[in-house]
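Numbering-wise, the sequence shown is residues 1 to 766 according to the numbering used here.
We put the CB at the ideal spot given by N, CA and C, even for glycine.
Please read all numbers here as calculations on a predicted model, not as lab measurements.
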Amino acid sequence: MSSKKVVITGIGIISSLGHNKKENLEQMKKGQSGIDKIQRFNTDKFISKIGAEIKKYNPKDYFTQKEIDEYDRCAQYAMISIKEALDESGVLNYTSSSKIGLALGTCNGGVNSLEEQGTIESLDQKQTKKYPFFNQSDHVAQYFQLGGPVNTINTACAASGNAIGFGFDMIRKGYADVMIAGGSDSMSLSVYAGFNALRALNSDPCSPYSNAFGLSLGEGAAFVVLETIESALSRNATIYAEVCGYGLSSDAYHETAPHPQGLGIKNAIECAIKQASIETKDIDYINTHGTGTKANDSAELKGLEQVFGIERLKQIPISSSKAYFGHNLGAAAAIEYVTTLLAMKENLLPATINFQEKRDGCEKAYIITNEMKEQKTNYFLCNNSAFGGHNASIVSKNWVDQEDRMHQTAISLQSTNDNVYIVGIGNCTTLSKENQHSLIEYLIDIGQSSQELDFNLKDYDSSLYERRMNSLAQYSIGAANEALKNTNTEFPLRSEDIGLIYGTSRGSLQSSEKYFQSILQKGPEFASSIYFPDMVLNSVAGKISKKLNLQGFSSSISTGGSDGLFSAIYGFEVIKNNIHSYCLVGAGDEHSNLSSQIDHALGLDKSIYRISEGSSFLMLSNQIDRGTSFAEITGAGLTFGADASSLIRAVHMALDHSNSKIEDIDFIFYNSNGLPGDMSIYENMFKELNTKNTVLKHCFNAKEYLESTSSLNHLYAAAELLSGQVGNIDAVNHYFNQDVTKFTKGLIVSTSINGNNSAVVVSKIG
């Protein structure tokens with residue numbers, strides 16, 4: 001089967017330079033910067049007083065009072081820019097909203113709704129409900145009544161680049177007809193205080209590669225509408241560019257500093273160029289991450305030199321747009337990407353403004369300084385990097401020749417039909433149990449579980465532990481390491497050839513509590529530089545990569561209840577795309593006082609299940625050892641909507657992708673959060689699916705419920721069951737009152753508290 005070519009037909013943006021596309025481009029052409037004195041909070045005790053805030057923003061210009069109360073500023077910015085993109089695209093007039101999905105990248109999520117309370121004790125339930133990162137995407141999807149895949153990418157400053165890549169995948173692989181992709185972040189006192197603690201801020205407006213070090217924080221949102229080229233041409237839509245390929249990677253180096261030789265950015269660029277099926281000589285322009293800090297700018301240029309060679313790089317114009325917009329964190333990649341597209345439409349390239357003199361190490365680079373450059377551009381590259389070591393690169397083709405449009409559809413990338421197997425499993429829950437030999441045995445054990453897990457990474461493997469490491473990182477590193485050790489290969493796996501997809505709804509709230517306390521007790525100027533880096537949700541994925549030296553394709557996501565299974569589906573597509581032969585997929589949860597308050601705000605404390613903590617991982621591969629591999633994933637489905645019909649759409653999508661029928665299914669493992677509404681959705685799903693009476697239907701969460709991990713645990717249990725590698729199979733047969741060894745095909749289903757639906761078909765290896 002051939003993959004679909006994906007193009008951009010709509011753009012929306014709100015930033016410090018303007019509230020729409022026109023205002024932003026006009027200011028860029030004038031060489032204006034949106035960086036100015038911070039108005040939203042007091043900066044007297046910080047090393048910098050400036051930032052790139054959105055000017056004259058009044059939510060009442062866009063939303064009703066009810067909507068203002070319901071949506072955090074991060075979600076508001078996203079909605080404003082998405083509306084502009086959808087209006088320009090006109091795609092809503094041609095496509096059912098059930099076929100339109102959303103990928104939203106964010107670094108801060110709803111942090112404003114938490115920090116504005118001035119405490120982390122006895123929190124206001126309504127305000128706190130807006131904080132979890134996944135709610136930003138879910139609220140946007142509900143606002144526009146979207147029914148396609150909805151994903152919050154939390155890879156910090158690379159998040160919205162990752163989001164555009166994910167949207168690209170969803171269309172090419174048939175999960176959606178249209179994807180809205182980009183990022184949003186709002187200015188935050190606690191985040192500003194964290195960068196101040198790291199001494200990363202510039203007291204003057206930043207100018208990357210220039211002789212003044214330091215970054216300027218910004219805020220805003222930008223989104224693109226992605227669809228197939230056939231769809232765009234059929235309705236004569238405006239086409240900005242074709243997304244040709246993207247790459248993700250991990251530095252596996254440090255929580256806040258880039259790899260000094262730019263290894264991660266090199267790997268991401270090479271991945272993007274390979275997927276785009278072009279050569280390095282084809283790239284005409286590079287929009288760099290270019291934060292303005294000494295470490296980042298130098299590392300990025302070294303990474304570029306490794307890809308293009310020193311002489312070729314001297315010929316490619318590069319620039320950093322952060323001198324216009326500041327560093328927009330999770331929205332940075334999208335804002336820089338869409339404004340590059342806007343400039344190219346007029347045969348211009350963004351400049352690095354505020355520029356004075358090249359700093360040491362940047363002398364050889366061809367930097368566009370102070371004034372935009374006139375140039376007709378064909379292929380271009382956009383790069384972004386992040387705390388936690390995540391990198392994202394996008395290769396796109398500028399849509400120049402409007403008259404030769406029909407010929408653009410002639411070539412289509414070929415997708416692979418490789419099988420995807422579960423070849424390794426690992427969790428941190430059963431490691432400390434004496435009587436259970438597998439996760440499924442643990443889950444069916446009627447013994448009561450504890451809310452807090454008895455697992456210590458230092459005791460498990462002291463070489464993987466670090467001082468002050470939060471529980472979530474400990475659980476996740478332990479589980480990932482078990483899955484890695486459990487993978488049987490005839491050769492050692494190379495670190496750059498293993499992908500990692502990690503799901504976490506909340507990140508480490510233990511670390512967040514400690515960081516917020518440092519501000520509340522001492523003042524923002526004394527914010528903890530130790531705990532600040534763990535405020536970003538992708539920090540755990542970064543720690544896993546660092547400790548296990550994983551340098552391949554890497555992402556971290558949030559869905560609010562289907563995180564683990566969603567991660568498995570993303571990893572499934574990584575393998576199908578031949579990006580890697582191996583990909584670790586996992587999820588983790590951690591208990592804390594703040595997490596309990598969020599449970600209360602979301603209503604999860606009313607669940608009939610005990611809320612617990614832990615982590616599980618699976619290793620996926622297109623390589624198989626029939627003696628040790630567990631099961632095969634044959635299809636997947638992703639939809640959005642808090643009702644049975646939306647969940648059933650995900651099920652049918654998974655069945656279609658696996659060339660299966662519901663009559664072929666022997667068992668259905670479903671992940672419920674134990675709330676009445678959630679259980680009702682599953683009951684209605686079973687009625688409408690009309691499965692045969694012999695189909696086993698089971699939810700394992702009576703033992704315990706883990707918001708991010710339980711959905712993956714159901715796939716984990718299915719893999720164990722189908723593999724025949726369960727230690728006490730008689731106990732499992734007795735529990736289900738039937739011979740499970742005869743099962744050959746199962747369906748794993750999960751829905752989140754807001755209706756983020758995932759389905760996977762898993763089969764016995766024949």
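With fewer than 16 other Cβ atoms from the protein chains shown falling within 10 Å of its own Cβ, Arg467 counts as exposed.
Sixteen is the threshold: when 16 or more other Cβ atoms of the shown chains lie within 10 Å of the Cβ of Ile557, as they do, the residue is buried.
Using a Cβ distance threshold of 8 Å, Thr639 and Arg626 do not count as a contacting pair.
For Ala392, the closest alpha carbon among the candidates Gly426, Gly220, Ile273 and Val540 is that of Ile273.
Separation of the CB atoms of Leu443 and Asn427 is rounded to 10 Å, and the pair is thereby denied contact status at 8 Å. Here Arg73 is buried, its C-beta having at least 16 other C-beta atoms within 10 Å.
When secondary structure is reduced to three states using DSSP, Thr639 falls in the strand class. Shown here for Glu255: same chain residues with a beta carbon closer than 7 Å to its own, the five before and five after excluded, namely Phe387, Gly388, Pro533, Ser539 and Gly542 in chain order.
In the three-state reduction of the DSSP assignment, Tyr285 falls in the strand class. For Ser750, the enclosing beta strand (DSSP E) begins and ends at Lys745 to Thr751.
Closest in alpha carbon position to Gly361, among Ser508, Gln725, Asn296 and Tyr460, is Asn296. When secondary structure is reduced to three states using DSSP, Gly552 falls in the coil class, being assigned neither helix nor strand. Residue range Gly220 to Thr228 is occupied by the beta strand (DSSP E) that includes Glu227.
Ile624 sits close to Val423, with the two beta carbons spaced by under 8 Å. The alpha carbon of Glu305 has as its nearest neighbour, out of His327, Lys281 and Ile100, the alpha carbon of Lys281.
Nearest C-alpha to Thr288 among Gln125, Leu329 and Ser385: Ser385. With a cutoff of 8 Å on beta-carbon distance, Ser555 and Thr155 are scored as near each other. Taking 8 Å as the upper bound for CB-CB distance, Gly330 and Ser160 are in contact here, some 6 Å apart. Residue Ser203 holds the alpha-carbon nearest to the alpha-carbon of Lys45 among Gly10, Glu441, Ser203 and Glu590.
DSSP lists Asn287 and Ile394 as the bridge partner or partners of Cys382.
Comparing alpha carbon positions, the residue from Leu226, Asn754, Lys83 and Tyr421 closest to Ile171 is Leu226.
In the displayed model, Ile120 falls within coil according to three-state DSSP, outside both helix and strand. From the listed residues Leu647, Cys583 and Gly641, the smallest Cα separation to Ala480 is found for Cys583.
Taking the Cα of Asn419 as reference, the smallest distance to any Cα among His657, Leu565 and Ile425 is reached at His657. Per DSSP, reduced to three states, the secondary structure at Glu53 is coil, with no helix or strand assignment. Ile180 and Ile82 have their alpha carbons spaced roughly 7 Å apart. Distance from the Cα of Asn549 is smallest, within the candidate group Gly90, Glu219, Ala103 and Asp251, for Asp251.
Looking from the CA of Arg359, the closest CA among Thr293, Ser190, Gly588 and Ser495 belongs to Thr293.
Pairwise C-beta distances place the region 460-476 out of contact with the region 729-746, as fewer than three of them are shorter than 8 Å.
In this structure, the CA atom of Ser184 is about 22 Å from the CA atom of Glu242. Considered as a whole, the region 156-210 harbours 178-185 as its complete beta strand (DSSP E) runs of no fewer than 3 residues, in chain order. Burial state of Pro132 is buried, judged by a 10 Å Cβ sphere holding 16 or more other Cβ atoms.
For Leu618, the pairing in a beta bridge is given by DSSP as Ile425 and Val585. Secondary structure of Cys699 (DSSP, three-state): coil.
Inside the region 430-485, DSSP marks no whole beta strand (DSSP E) run of 3 or more residues. Cβ neighbours of Ser48 within its own chain (closer than 8 Å, five residues either side excluded): Asn196, Leu201, Asn202, Ser203, Gly214 and Ser216.
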